[in-house]
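Per this note's numbering: the sequence shown = residues 1 to 122. All C-beta atoms, glycine included, are put in the ideal place defined by N, C-alpha and C. Source: prediction; values computed, not measured. The structure appears right after this line, and notes come after that.
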Amino acid sequence: MPVKIKRAYEEKSDGDGVRILVDRLWPRGKSKEELAVDHWMKQAAPSPDLRKWFDHDPDKFDEFKEKYKDELHNDEDKQEALEELKRIVKEEKKDVSLIYGAKEEEHNHAIVLKEILDRQQV
Numbered sequence: 001m002p003v004k005i006k007r008a009y010e011e012k013s014d015g016d017g018v019r020i021l022v023d024r025l026w027p028r029g030k031s032k033e034e035l036a037v038d039h040w041m042k043q044a045a046p047s048p049d050l051r052k053w054f055d056h057d058p059d060k061f062d063e064f065k066e067k068y069k070d071e072l073h074n075d076e077d078k079q080e081a082l083e084e085l086k087r088i089v090k091e092e093k094k095d096v097s098l099i100y101g102a103k104e105e106e107h108n109h110a111i112v113l114k115e116i117l118d119r120q121q122v
């Protein structure tokens, strides 16, 4: 099934399917009811140091992607979170939406996760 990405501040829709928050922190100002996520995968988020270094700077995005992928493959907790995401995508009979809170819609970690998850479905 397709993997989508969606900002936490967008309205929930029926087409979202399984909603998975992939941020370390809960989105500011959103209640559990408003966000309506099925899973919260904190461990899938970039480390605080990497997130601060990147600061959603488009010029750093390519390097961020590589560093983030390294984290996902070399940190045991992140490996487990990624494997769980892969399992959910593979086993669900409906779409999966990765929910993130960043304002930057074209340069964020959810895009990297989506790329990884999309490759597994080929």
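Using alpha carbons as the reference points, say which of the options lies closest to residue i.
| i | options | result |
| --- | --- | --- |
| TRP26 | GLY17, ALA36, LYS52 | ALA36 |
| PRO58 | ARG28, GLU91, GLU104 | GLU104 |
| GLU33 | PHE61, GLU80, LYS12, LEU82 | LYS12 |
| HIS39 | PRO48, ASP23, GLY15 | ASP23 |
| ALA81 | GLU10, ASP14, ILE116 | ILE116 |
| ASN74 | LYS60, ASP55, PRO46 | PRO46 |
| GLU91 | PHE64, GLN120, GLU76 | GLN120 |
Would a C-beta distance cut-off of 8 Å place residue i and residue j closer than the cut-off?
| i | j | result |
| --- | --- | --- |
| GLY17 | ASP95 | yes |
| VAL112 | MET1 | no |
| GLU66 | LEU50 | no |
State the CB to CB distance for the pair residue i and residue j, rounded to an integer number of angstroms; the pair is presumed to be in contact (CB under 8 Å).
| i | j | result |
| --- | --- | --- |
| ALA44 | GLY101 | The pair is not a contact, with the Cβ atoms about 13 Å apart (cut-off 8 Å). |
| ILE20 | LEU85 | 7 Å |
| LYS78 | LEU98 | Contact doesn't hold; Cβ gap of about 15 Å is too wide. |
| TYR68 | HIS109 | 6 Å |
Kindly indicate the opening and closing residues of the beta strand (DSSP E) around residue i.
| i | result |
| --- | --- |
| ARG7 | 3-7 |
| ARG24 | Unbroken run through ARG24: none, as it is neither H nor E. |
For the alpha helix (DSSP H) that contains residue i, what are its first and last residues?
| i | result |
| --- | --- |
| VAL96 | That residue, VAL96, is in no alpha helix (DSSP H); its beta strand (DSSP E) goes 96-100. |
| ALA110 | 109-120 |
| GLU10 | Segment: none, GLU10 is in no alpha helix (DSSP H) and carries neither H nor E. |
| GLU106 | Careful: GLU106 lies outside any alpha helix (DSSP H) and carries neither H nor E. |
| PRO58 | That residue, PRO58, is in no alpha helix (DSSP H); it is neither H nor E in DSSP. |
| GLU92 | Unbroken run through GLU92: none, as it is neither H nor E. |
| LYS123 | Outside the shown range of the chain, which is 1 to 122, sits residue 123, and nothing can be said about it. |
Please indicate yes or no: does the CB of residue i lie closer than 7 Å to some heavy atom of the ligand SAM?
| i | result |
| --- | --- |
| ARG7 | In terms of ligand content, the structure shown is empty, and the ligand SAM therefore cannot be addressed. |
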